[in-house]
Amino acid sequence: MVLATGNQDMLRIARILADKGEFKYALDVLKNVHLDQPGEIMKARIYFAAAIKLTRSVEFLYRPTDEMKEKQQYYLNAAFNHLRNAELMKEDTTG
């Protein structure tokens, strides 16, 4: 168990977990993040959830197509972009 001291730490932990393919855990971490810009976090949650749903599909598990892999990568890139935006917005409001 990792104890995060603030939102920035939790955002970084979520990004690290997602980089390692642990999307569900990244999503769980994001549920505990409270920022001045909750819209970006909500968007990241939605994209992570979409990536999780796609990854757990039977078709993806047994016979993933290039199109499905591209879609998964799109979802992950979108989630990371929203996480980055949330981090940047937080930095703008604090310093």
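Take the sequence shown: its position 3, counting from 1, is numbered 442 in my numbering, and each next residue is one higher.
Quick reminder that beta carbons are idealized off the backbone N, C-alpha and C, glycines included.
Note that the coordinates shown come from a computational prediction; the quantities given were computed from them, not determined experimentally.
Short Cβ contact (8 Å threshold) for Leu-466 with Ile-480: no
task: Verify whether the separation of the beta carbon atoms of Glu-526 and Leu-450 is less than 8 Å.
output: yes
query: How about Tyr-486 and Ala-453: are their beta carbons less than 8 Å apart?
result: no
query: Using a Cβ-Cβ cut-off of 6 Å (strictly less than) and excluding sequence neighbours within five positions of Tyr-464, which residues of its own chain qualify?
result: Leu-456
query: How is Thr-504 classed by DSSP in three states: helix, strand or coil?
result: coil
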